[in-house]
Each structure stands twice: as structure tokens, then as C-alpha cells.
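Engineer: For the sequence shown, UniProt numbering gives the first residue as 1, with consecutive numbering after it. Every residue, glycine too, gets a C-beta built ideally from N, C-alpha and C.
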Amino acid sequence: MSRAKGAIVGVGELKPHRLTHGVTTLEMIAEVSRLAVLDTGLEPAAIDGLLVGPQVGETPQHVPATIAEYLGLAPTMANVVDLGGASGAGMVWRASAAIEAGMCETVLCVLANNREEPAPRSPNRNPIREFDVPFGASGANISYALLMQAHMAEYGSTARDFALIAAAARANAQLNPDAIFFGKPADVEAVLASPMIASPLHLLEIVMPVAGGEAVVVTSAERARSLSKRAVHLLGAGEKVTHRAVSQAPSLTSGPLKSAMARAFAQSGTRAGEMNLLSLYDCYTIMVATTIEDAGLCAPGQFGAWLRDHDLSRDGDKPLNTHGGQLGFGQPDLAGGMTHVVEAVRQLRGEAGERQIGKAELALVTGNGATMSEATALVLGAA
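#1: Does the segment 234 to 252 come close enough to the segment 274 to 287 to have 3 or more Cβ pairs within less than 8 Å?
#2: Taking just the CA atoms, how far does Ala344 sit from Gly353?
#3: Less than 6 Å between C-beta atoms, sequence neighbours within five positions excluded: which residues of the same chain meet that for Leu19?
#4: Please classify Gly328: does DSSP put it in a helix, a strand, or coil?
#5: Ordered along the chain, which non-local residues of its own chain (more than five positions away) have a Cβ less than 6 Å from that of Ser157?
#6: Could you say if the segment 198 to 206 and the segment 159 to 166 meet the contact criterion of at least three C-beta pairs nearer than 8 Å?
#7: Taking 8 Å as the threshold (C-beta atoms), are Gly255 and Ala377 in contact?
#8: Applying the 10 Å Cβ sphere with the 16-neighbour rule, what's the burial state of Phe329?
#9: With a threshold of 8 Å on Cβ separation, who are the neighbours of Ser259 within its own chain once the five nearest residues in sequence on each side are excluded?
#10: Evaluate the contact criterion for the segment 214 to 222 versus the segment 33 to 48: three or more CB pairs, one atom per stretch, below 8 Å.
#11: With distances taken Cα to Cα, identify the nearest neighbour of Pro200 among Ser226, Ser143 and Gly213.
#12: For Lys5, which of helix, strand or coil comes out of DSSP?
#13: Could you tell me which residues DSSP pairs with Ser96 in its beta bridges?
#14: Does DSSP classify Leu278 as helix, strand or coil?
#15: Leaving aside the five residues before and after Gly10 along the sequence, list all residues of the same chain whose C-beta is less than 7 Å from its C-beta, in chain order.
#16: From which residue to which residue does the beta strand (DSSP E) around Asn114 run?
#17: Since residue 385 and His233 are thought to touch, with beta carbons under 8 Å apart, how far apart are those beta carbons, to the nearest angstrom?
#18: Return helix, strand or coil for Met196, following the three-state DSSP convention.
#19: Which value, in whole angstroms, describes the spacing of the CA atoms of Leu51 and Glu100?
#20: Taking the CB atoms as reference points, tell me whether Pro64 and Ala78 lie closer together than 8 Å.
#21: By how many angstroms is the C-alpha of Gly358 removed from the C-alpha of Thr76?
#22: Residues in its own chain within less than 6 Å of His243 by CB, not counting five upstream and five downstream?
#23: Taking only runs of the alpha helix (DSSP H) that begin and end inside the segment 45 to 104, which ones reach a length of at least 4 residues, in chain order?
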């Protein structure tokens with residue numbers, strides 16, 4: 001196994017809510033950042049790096065400077081990470097790389113969003129508006145339904161296969177009081193009985209957008225050793241971007257995560273089957289299905305059989321998204337990808353409470369942006 005490339009020493013998380021009233025995204029960023037820094041045991045002055053996401057509406061430009069000013073920080077490295085749902089995982093390895101390059105020593109990575117009605121919109125002159133939208137590929141639901149149709153057509157996968165993923169997410173969410181669907185389990189039959197939104201996608205196979213926020217603090221392995229709280233080390237990372245519009249995807253049944261995960265495993269000297277926790281980006285059930293196959297956990301087209309052969313709960317042989325994933329916890333905008341990082345850290349530190357898995361040494365975390373377009377994978381290890 002390779003040497004650690006950096007360490008996550010603090011996490012913060014806001015409970016998701018369907019809507020917010022009278023609170024700005026900046027306020028939410030400040031609160032979740034405070035929680036993450038408090039979790040480290042460090043003073044705020046120790047933060048000398050800042051990675052943030054793009055802020056639609058409130059702060060369209062100069063985002064790092066605005067947030068640094070608001071938080072009272074003066075970082076020696078600051079940047080925006082714009083990889084959609086892969087932004088959270090992408091921040092972690094970028095923070096580690098900046099530390100290794102000598103630009104900073106301790107980096108705050110933060111994503112948050114309020115959610116009001118109507119939601120703010122930003123101008124979009126992306127080529128997708130000219131070449132995809134006029135032909136019906138408008139919005140994520142339609143695009144991911146196309147990917148699901150392609151998988152079914154090529155491999156014969158069934159609606160019941162995909163429903164297993166959503167049902168497992170809901171089951172795991174019942175052990176997370178902060179999950180938006182806590183107290184609302186849904187079995188396979190309930191998933192299949194939910195309204196068809198974009199054939200073959202049912203309502204319960206699609207994330208629930210929520211307000212919320214996540215933050216992690218990444219520092220050098222040296223500084224991590226001086227702290228009292230257990231650190232979680234970055235052992236390997238991979239990233240790949242192949243397209244933006246689904247019409248330009250190299251494949252409809254395999255995505256850039258295949259390459260990203262392979263690189264993360266190679267860097268860490270590990271294999272998919274060695275992971276004690278699978279913390280997989282799950283905006284739609286099809287995303288989890290392709291990730292399982294692209295990771296090499298099963299052959300292409302065989303995710304359904306793999307799911308039936310394994311237990312995805314905290315007590316199971318393949319714990320997957322123990323916090324409920326986005327399908328059970330909710331998707332707080334780009335922070336939806338960061339929820340998977342935070343859960344992996346909690347599990348590897350033995351701080352997941354009632355949902356704590358038995359053996360917690362290695363975790364695979366994935367992030368996905370656009371339509372299976374932007375991919376980041378991390379292998380995290382307990383100290």
C-alpha cells in the first residue's frame with residue numbers, strides 16, 4: 001500500500017432540509033466550516049488553504065475571496081472546484097496536492113447551499129442547449145433515463161435490479177436520524193410502485209434535492225500526527241472527464257469512473273474487493289449500477305445478481321452508503337458528493353454510531369458530475 005498523500009482531520013455536516021427561509025448560502029458555509037474546524041481541534045488561523053464550489057446566484061464571481069473574507073481567513077491557496085457532484089471528492093485530492101506542493105498545510109474544503117422557491121437560475125449557453133435539449137434531452141432525469149434504457153437494452157437488466165439499490169439506500173437511511181427519509185423506508189415493491197418520471201426511472205430512484213452543507217479539513221500527514229483525533233488518510237485518487245452532453249458520451253453503459261477508480265486503486269495498492277465500505281455517488285440508481293460494474297466488483301451487466309448475492313447494510317459483507325446515500329439522505333446540491341466523503345471519514349474513525357460497520361480500514365469514495373461525465377474516486381484509509 002502506498003504512503004498517505006494527506007489526511008482528513010475534521011468534518012462538518014448540516015442536517016438536510018427541503019427548504020430554507022431567511023438563511024443565505026454564505027451563512028450555511030460559515031456554520032458547516034465552523035463545525036469542521038472545531039472537529040479538528042485546530043484554531044481557525046491554522047487554515048491556510050480554501051477550496052469551494054461555484055455559487056449560483058449569491059456569488060457568481062470571486063467566490064474564494066468572498067468566502068475567505070466572510071470566514072476571516074487569509075489563505076495562501078484558494079480555488080473553485082467545479083466538477084458537479086464530483087467536486088467534493090475532487091477537493092480532497094487537490095487539497096492534498098497543494099499541501100504536497102508546499103502551497104499550504106491545512107485546507108478547508110466546503111460546499112453548501114440554501115434552497116428557496118423559486119430556485120435561482122444562471123445563464124446557460126453550453127452547447128448542450130443547441131444540440132441536445134431541442135431533441136428532448138433536457139435535464140438530468142431524461143439523460144439518466146437514457147443511460148438506464150441503454151443498460152437494459154444491452155444487458156437485459158431489469159427494473160427490479162435497479163430498485164434493489166433504492167431500497168437498500170432507504171433501509172440504511174433508517175439508522176441516520178439526519179437523513180431526509182429517516183422514518184420512511186421503501187422496499188423494492190414501493191420503489192416500483194412509485195410514479196414513473198422518465199421511463200424507466202421511477203420517482204424513488206431519483207435524488208431528493210435539499211438544502212444542506214458539508215465540509216472537511218485536509219492537512220499534512222505530519223500535522224495530522226500531532227492531533228488527538230484520529231485521522232483518515234488519502235491513499236489514492238483518480239479523476240477523469242470525458243464529455244458534458246450525454247450525446248457526446250463515449251459509452252452509455254460505462255463511464256469515466258472506471259478509469260478514475262482504476263487509478264485510485266493503483267495509487268493505493270488496493271483492489272475493489274478489499275474495500276470495507278463503498279461510499280458511492282448515487283444521484284440515480286443507474287449511477288450505482290454502473291459504478292459497481294466499472295469498479296470490477298462484477299462483470300458488465302451483472303450488478304443485479306451481485307446485489308442479490310451481497311448484504312449492503314452496516315452488518316453486511318458489502319456495506320454501501322451506510323448513511324443512506326443521496327437516495328436516502330438527500331442531495332444538498334454539490335455537497336451531495338461531499339456527504340459520501342464525510343460518511344467514509346466517520347466510518348473509518350469509528351464515529352458512525354448506530355450505523356458503524358464492523359471492520360473499517362479502507363473505503364472507496366466516488367463522485368460524479370453532469371451525466372456520468374466528470375468522475376473522481378478516492379481510496380481512504382484509517383490511520
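Structural biologist: The structure says:
#1: no
#2: What you label residue 353 is simply residue 353 of the sequence shown in a count that begins at 1. What you label residue 344 is simply residue 344 of the sequence shown in a count that begins at 1. Roughly 13 Å between the two C-alpha positions.
#3: Residue 19 sits at position 19 when you count from the first residue of the sequence shown. Within the same chain, Leu19 has close Cβ partners Arg115.
#4: Taking the first residue of the sequence shown as 1, we reach residue 328 at position 328. Note: Gly328 maps to helix in three-state DSSP.
#5: Within the sequence shown, the letter at position 157 stands for residue 157. Once the five neighbours on either side are set aside, the close Cβ partners of Ser157 are His151 and Gly304.
#6: yes
#7: As a first step, residue 377 is located in the sequence shown; it is residue number 377 there, counting from the start. As a first step, residue 255 is located in the sequence shown; it is residue number 255 there, counting from the start. No, Cβ-Cβ distance for Ala377 and Gly255 is not below 8 Å.
#8: Within the sequence shown, the letter at position 329 stands for residue 329. Under this definition Phe329 is a buried residue.
#9: The residue labelled residue 259 in the question sits at position 259 within the sequence shown. Taken in chain order, the residues that qualify are Gly238, Lys240 and Ala375.
#10: yes
#11: Looking up residue 200 in the sequence shown gives position 200. Measuring from the Cα of Pro200, the nearest candidate turns out to be Ser143.
#12: Residue numbering aside, residue 5 sits at position 5 when the sequence shown is read from its first letter. Coil, per DSSP.
#13: Here the question's residue 96 lines up with position 96 in the sequence shown. Per DSSP, none; premise fails for Ser96.
#14: What you label residue 278 is simply residue 278 of the sequence shown in a count that begins at 1. The answer is strand: DSSP assigns Leu278 an E or B state.
#15: Here residue 10 is taken as the residue at index 10 of the sequence shown, counted from 1. Once the five neighbours on either side are set aside, the close Cβ partners of Gly10 are Ala36, Val37, Asp39, Thr40, Val216 and Val217.
#16: As a working note, residue 114 is residue 114 in the sequence shown. That residue, Asn114, is in no beta strand (DSSP E); it is neither H nor E in DSSP.
#17: Missing from the structure shown is residue 385; the chain here goes from 1 to 383 and no further.
#18: Indexing the sequence shown from 1 puts residue 196 at position 196. Strand, per DSSP.
#19: The residue labelled residue 51 in the question sits at position 51 within the sequence shown. The residue labelled residue 100 in the question sits at position 100 within the sequence shown. When rounded, the distance between both Cα atoms is 15 Å.
#20: Reading the sequence shown from its first residue, position 64 is the one you call residue 64. Reading the sequence shown from its first residue, position 78 is the one you call residue 78. The answer is yes: Cβ separation under 8 Å.
#21: If you number the sequence shown from 1, residue 76 lands on position 76. If you number the sequence shown from 1, residue 358 lands on position 358. Going from the Cα of Thr76 to the Cα of Gly358 covers about 40 Å.
#22: Here residue 243 corresponds to residue number 243 of the sequence shown, with the count starting at 1. So the qualifying residues of the chain are Ala249 and Ser373.
#23: 63 to 71 and 87 to 100
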